[in-house]
Amino acid sequence: MRGELGAIPASEILEQINDSVIVCDASGRIQYWNSGSEKLYGWPADEALGRNVHALLGTRLSGAAADVDDRLAAEGHWQGELQQVTRSGAAVWVHSHCKVEVSALDAPRLVISSDITERKDAEHALRCIEERYRRFVDEDLTGDFIVRSDGAILTCNPAFVRIFGFSSVQEVLSTNFTSLLRTRKDGAELIAAVREHRVAERNELEMRQPQGEPVYVAARFVGSFDEHGELTEVQGYLFNDTRRKRFEHQVIQAQKMEGLGTLAGGIAHDFNNILAIILGYASQLDSMSVRTEQIPGAVKVIKEAVERGAALVQQLLTSARQAEARFASLDLNNLLRELEKMLQATFPKTIDFKLHLGPHVPPLTADRGQLHQVLLNLCVNARDAMPHGGTIVFETSLVSGREVAEDFTGAEAEEYARIRVRDTGSGMTPEVRSHIFEPFFTTKERAKGTGLGLSVVYGVVNNHRGFVQVESEPEQGTTFSIYLPVLRQREHLPNGAAIASAKPREPQTILVVEDEEMLRDLALQILEGEGYRVLAARDGLEAVAMFDEHRDEIGLVICDLGLPKLGGRDVFMRMKECKPTVRAIVASGYLEPSIRSEILKAGVIDTIQKPYDFRDLLEKIRSVIGDAVAKESHP
Ligand code: ADP
Ligand code: MG
2 MRGELGAIPA
12 SEILEQINDS
22 VIVCDASGRI
32 QYWNSGSEKL
42 YGWPADEALG
52 RNVHALLGTR
62 LSGAAADVDD
72 RLAAEGHWQG
82 ELQQVTRSGA
92 AVWVHSHCKV
102 EVSALDAPRL
112 VISSDITERK
122 DAEHALRCIE
132 ERYRRFVDED
142 LTGDFIVRSD
152 GAILTCNPAF
162 VRIFGFSSVQ
172 EVLSTNFTSL
182 LRTRKDGAEL
192 IAAVREHRVA
202 ERNELEMRQP
212 QGEPVYVAAR
222 FVGSFDEHGE
232 LTEVQGYLFN
242 DTRRKRFEHQ
252 VIQAQKMEGL
262 GTLAGGIAHD
272 FNNILAIILG
282 YASQLDSMSV
292 RTEQIPGAVK
302 VIKEAVERGA
312 ALVQQLLTSA
322 RQAEARFASL
332 DLNNLLRELE
342 KMLQATFPKT
352 IDFKLHLGPH
362 VPPLTADRGQ
372 LHQVLLNLCV
382 NARDAMPHGG
392 TIVFETSLVS
402 GREVAEDFTG
412 AEAEEYARIR
422 VRDTGSGMTP
432 EVRSHIFEPF
442 FTTKERAKGT
452 GLGLSVVYGV
462 VNNHRGFVQV
472 ESEPEQGTTF
482 SIYLPVLRQR
492 EHLPNGAAIA
502 SAKPREPQTI
512 LVVEDEEMLR
522 DLALQILEGE
532 GYRVLAARDG
542 LEAVAMFDEH
552 RDEIGLVICD
562 LGLPKLGGRD
572 VFMRMKECKP
582 TVRAIVASGY
592 LEPSIRSEIL
602 KAGVIDTIQK
612 PYDFRDLLEK
622 IRSVIGDAVA
632 KESHP
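Note that the working numbering has the sequence shown beginning at 2, numbered continuously upward.
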């Protein structure tokens, strides 16, 4: 006995409690049914008594509940959760305790049940939510993961496994995250960014599969911090961008090939002409009837034709390599004339060309190959906009920096060359016009447009510190204007030097500083052949020493930029210390515009791009120290 119930009869107590209390006989017939049962199941006692308990309550004996009767018979008790049905047909979940006296064969059973429907519903709802989230994570295309600050990956979803080509989540968990980054530095930078900003976004991040294959992702990293503000974990979300990236690469390649195709057409045409010239004159030289006085003329023409061929090949190479910009002096009008000739030969005959070339356009400092590409892209677009023919007009002029600055912030040069390419084609709507410089924006069908032409134009012009402008209306044609800065040599000259350079009686010794022996000898030969006195130095220190010794005779220094022992720029600075009026021309294979303007500011008179044509060099030399005296004396 656990205690006394006192005067209160047990049956009354049973009627007071909330739980359902049922007593059945061995076959399941209900013999007792308290008011808690009535409340729970809706059946009043008089309707429930005498009926089979399982039948009345529709007890689902499945799963864990399937063996209720067996367990009861064997062990005398059972407890667990059951799903049942009320009188009104609603489902209820109950937690039941069943008890029976095992020793007595037909002993009655006691069943006490409490309603757990609400809890079950809540659990179910929670499970659904969890399931939904799990599906989000599992079926997400984004690779999701959590990584500790030491790089240990704590968890990840199937997409992450797929993106990096792992075989299972397990395999991922034994990998350090940093091994999936391209460099250790990437990892350190990411962690630093998350520490500082809590969230780090990377629109483009190159990662690595364990086998070394590159994976391009767009990523977001979110930090978790402990109460001291220490970074504990980073959650990461990676969107696999590899396919788009590959595609982008292919398209760039395709664009290059497309440009090349047009270019090759033009070159083949030009080349045939050149070969015809060479063949014609060579045959003339070959024939018996050639007269001696004709020989020099024929040789000259052949030489010129060969030079033209070499220049063409150079152009093809620059275009194919998409080489780094090689800035050199460039005659814009000449470039346009050449381009027009080439396009005449390759574009449909229904397209006419007109040239309005301004007479006062000074030489530009620009990359010929890239500028050619820019103009070619504009012309190809113009051609596409005029399927039934029309006119392409090239126009050049010189405009003041002030005028350009009205339209473009950042226009700092004093003068700009403006190139206009105008067509009489279909024009553009404002909507199209607002997107044309975006990479991949095209209104053309797939095989025709890549959408890269104008983004290349924009990139190149920008690289030249220039500006692009477009005017276009539907059916009114289109005009592209390109502004490129003009660098006037005399702007960079120290006061008076430009005038001094024209004086004929300057000392005419030239100091050539060049570490390449063959080039040095060649310069020596050619310049001496022109009548100049030449000193030659092999490296920077030798040059400074020679200059020190001969400073009064040396009228001009021609100095390579990359030199052993002491670089060209320092050589010049030392010479300037020794003789402030020193005049120098700096030669280099590749001159960044910023370096060029820096050395010009330092007082170097001019620069020349290597490999240079000696005729260009001689022209520059003459403009500084005049013709050699020896030559002047017998013109
Ligand atoms: P693509 O020529 O491969 O389409 P571009 O970057 O060269 O790519 O040009 C982008 C878009 O700009 C073209 O698809 C076209 O709609 C528009 N566009 C460019 N130039 C002209 C033009 N001269 N006339 C009409 N539309 C043009
Ligand atoms: Mg195009």
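A virtual CB, placed ideally from N, CA and C, is assigned to each residue, including glycine.
message: Threshold first: 3 residues or longer. Then list the beta strand (DSSP E) segments lying entirely within the region 340 to 367, N to C.
response: Runs found: 352 to 358.
Alpha carbon of Gly569 to alpha carbon of Leu528, nearest angstrom: Working through the sequence shown from its first residue, we reach residue 569 at position 568. Working through the sequence shown from its first residue, we reach residue 528 at position 527. So the alpha carbons of these two residues sit roughly 20 Å apart.
field: Any non-hydrogen atom of ligand 1 within 6 Å of Val433 CB
entry: Here residue 433 is taken as the residue at index 432 of the sequence shown, counted from 1. The answer is yes for Val433.
task: Check whether the Cβ atoms of Gly43 and Ser89 sit closer than 7 Å, and answer yes or no.
output: By 1-based counting over the sequence shown, the position of residue 43 is 42. By 1-based counting over the sequence shown, the position of residue 89 is 88. Contact: yes.
task: Just grab the DSSP bridge partners of Arg521 for me.
output: Numbered from 1 along the sequence shown, position 520 holds the residue referred to as residue 521. Arg521 pairs with nothing; no bridge assigned.
query: Excluding the five sequence neighbours on either side, which residues of its own chain have a C-beta within less than 7 Å of the C-beta of Ala92, listed in chain order?
result: Locating residue 92 in the sequence shown gives position 91, where the first residue counts as 1. Excluding residues within five positions, the ones whose Cβ falls inside 7 Å are Gln84 and Val86.
query: Residues bridged to Tyr417 by DSSP?
result: Taking the first residue of the sequence shown as 1, we reach residue 417 at position 416. Val400 and Pro486.
query: So the beta strand (DSSP E) Val454 belongs to, where does it begin and stop?
result: For the purposes of this step, residue 454 is taken as the residue at position 453 of the sequence shown. Residue 454 is actually Gly in this sequence, not Val. Bounds of any beta strand (DSSP E) do not take in Gly454; it lies within the alpha helix (DSSP H) bounded by Gly454 to Asn464.
- request: Have a look at Glu531, Leu520, Arg534 and Phe573 and flag the residue whose alpha-carbon is nearest the alpha-carbon of Leu542.
  value: As a first step, residue 542 must be located in the sequence shown, where it is residue number 541. Comparing Cα-Cα distances from Leu542 to each of Glu531, Leu520, Arg534 and Phe573, the minimum goes to Phe573.
query: DSSP state of Asp408, grouped into three classes?
result: Along the sequence shown, one-based indexing puts residue 408 at 407. Per DSSP, reduced to three states, the secondary structure at Asp408 is helical.
- request: With a threshold of 6 Å, establish whether the CB of Ile352 neighbours any heavy atom of ligand 1.
  value: Residue mapping note: residue 352 aligns to position 351 of the sequence shown, counting from 1. No, the Cβ of Ile352 stays beyond 6 Å of every heavy atom of ligand 1.
field: Reference Val465, options Glu474, Asp561, Pro486 and Thr480, closest by Cα
entry: To locate residue 465, count along the sequence shown from 1; it is residue 464. Just to set this straight, residue 465 is His in the shown sequence, not Val. Considering only alpha carbons, the answer is Pro486.
query: Whose C-alpha, out of Thr60, Lys304, Pro565 and Val24, is nearest the C-alpha of Leu50?
result: Sequence index remark: in the sequence shown, residue 50 carries index 49 (1-based). Leu50 has its Cα closest to that of Val24, out of Thr60, Lys304, Pro565 and Val24.
task: Select from Arg61, Pro475 and Tyr282 the residue whose C-alpha is nearest the C-alpha of Lys301.
output: By 1-based counting over the sequence shown, the position of residue 301 is 300. The candidate whose alpha carbon is nearest that of Lys301 is Tyr282.
- request: Examine the Cβ distances between the region 190 to 203 and the region 225 to 239 and report whether three or more of them are shorter than 8 Å.
  value: yes
message: In whole angstroms, give me the CA-to-CA distance for Thr243 and Thr156.
response: The residue given as residue 243 occupies position 242 in the sequence shown. The residue given as residue 156 occupies position 155 in the sequence shown. Near 23 Å, if we compare the C-alpha coordinates of Thr156 and Thr243.
- request: For Leu536, I'd like the list of residues in its chain whose CB is within less than 8 Å of its CB, leaving aside the five on either flank, ordered along the chain.
  value: As a working note, residue 536 is residue 535 in the sequence shown. Around Leu536: Thr510, Ile511, Leu512, Val513, Met547, His551 and Ile555.
task: Look up Gly426 in the DSSP assignment and say whether it is helix, strand or coil.
output: Against the sequence shown, residue 426 aligns to sequence position 425. It is coil, neither helix nor strand.
message: Between the alpha carbons of Ala414 and Glu234, how many angstroms are there, rounded?
response: Translated into the one-based positions of the sequence shown, residue 414 becomes position 413. Translated into the one-based positions of the sequence shown, residue 234 becomes position 233. One C-alpha to the other measures close to 51 Å.
Collapsed DSSP secondary structure at Arg221 in the structure displayed: Taking the first residue of the sequence shown as 1, we reach residue 221 at position 220. Three-state result, Arg221: strand.
- request: Tell me, please, whether the region 473 to 486 touches the region 418 to 427 by the rule of three or more beta-carbon pairs shorter than 8 Å.
  value: yes
task: With a threshold of 16 other CB atoms inside 10 Å of the CB of Ala56, please say whether the residue is buried or exposed.
output: Taking the sequence shown and counting its residues from 1, the one referred to as residue 56 is at position 55. With a threshold of 16 other beta carbon atoms within 10 Å, Ala56 falls short and is exposed.
query: Helix or strand or just coil, what does DSSP make of Ile23?
result: Taking the first residue of the sequence shown as position 1, residue 23 is located at position 22. Here Ile23 sits in strand by DSSP.
Three or more C-beta pairs below 8 Å linking the region 204 to 217 and the region 165 to 173: yes
query: Relative to ligand 1, is the shortest distance from any of its heavy atoms to the C-beta of Ile483 smaller than 6 Å?
result: By one-based count along the sequence shown, residue 483 stands at place 482. Incorrect: Ile483 has no Cβ contact closer than 6 Å to ligand 1.
query: Is there at least one non-hydrogen atom of ligand 1 closer than 6 Å to the beta-carbon of Thr480?
result: Taking the first residue of the sequence shown as 1, we reach residue 480 at position 479. False, no ligand heavy atom lies under 6 Å from that Cβ.
field: Local conformation of Pro159 per DSSP, three classes
entry: Taking the first residue of the sequence shown as position 1, residue 159 is located at position 158. The answer is helix: DSSP assigns Pro159 an H, G or I state.
- request: Provide the residue span of the beta strand (DSSP E) that contains Glu207, from first to last.
  value: Within the sequence shown, the letter at position 206 stands for residue 207. Val200 to Arg209 is the span of the beta strand (DSSP E), which, as asked, contains Glu207.
query: What number of angstroms, rounded off, separates the C-alpha of Arg136 from the C-alpha of Glu124?
result: The sequence position of residue 136 within the sequence shown is 135, counting from 1. The sequence position of residue 124 within the sequence shown is 123, counting from 1. Approximately 18 Å between the Cα atoms of the pair.
Short Cβ contact (7 Å threshold) for Arg61 with Ile31: Counting from one through the sequence shown, the residue named residue 61 turns up at place 60. Counting from one through the sequence shown, the residue named residue 31 turns up at place 30. Contact: no.
- request: For Leu111, I'd like the list of residues in its chain whose CB is within less than 6 Å of its CB, leaving aside the five on either flank, ordered along the chain.
  value: Position 110 of the sequence shown, counting from 1, holds the residue named residue 111. Same-chain partners within the cutoff: Val24 and Lys100.
- request: On a CA-only basis, which of Glu202, Pro431, Ala153 and Arg120 is nearest Ser180? Give me that one, please.
  value: Within the sequence shown, residue 180 is the residue found at index 179, counting from 1. When each option's Cα is compared against that of Ser180, the closest is Ala153.
- prompt: On the three-state DSSP scale, how would you describe Ser284?
  reply: Position 283 of the sequence shown, counted from the start, is the residue given in the question as residue 284. The answer is helix: DSSP assigns Ser284 an H, G or I state.
Pro45 to Pro109 span [Cα, whole Å]: Translated into positions along the sequence shown, residue 45 becomes position 44. Translated into positions along the sequence shown, residue 109 becomes position 108. So the alpha carbons of these two residues sit roughly 21 Å apart.
task: Would you mind giving the Cβ-Cβ distance between Ile609 and Leu618, rounded to the nearest angstrom? I have them listed as a contact below 8 Å.
output: Position 608 of the sequence shown, counting from 1, holds the residue named residue 609. Position 617 of the sequence shown, counting from 1, holds the residue named residue 618. The pair is a contact, with the Cβ atoms about 6 Å apart (cut-off 8 Å).
query: Would you call the region 433 to 446 and the region 343 to 357 touching, i.e. three or more CB-CB distances under 8 Å?
result: no
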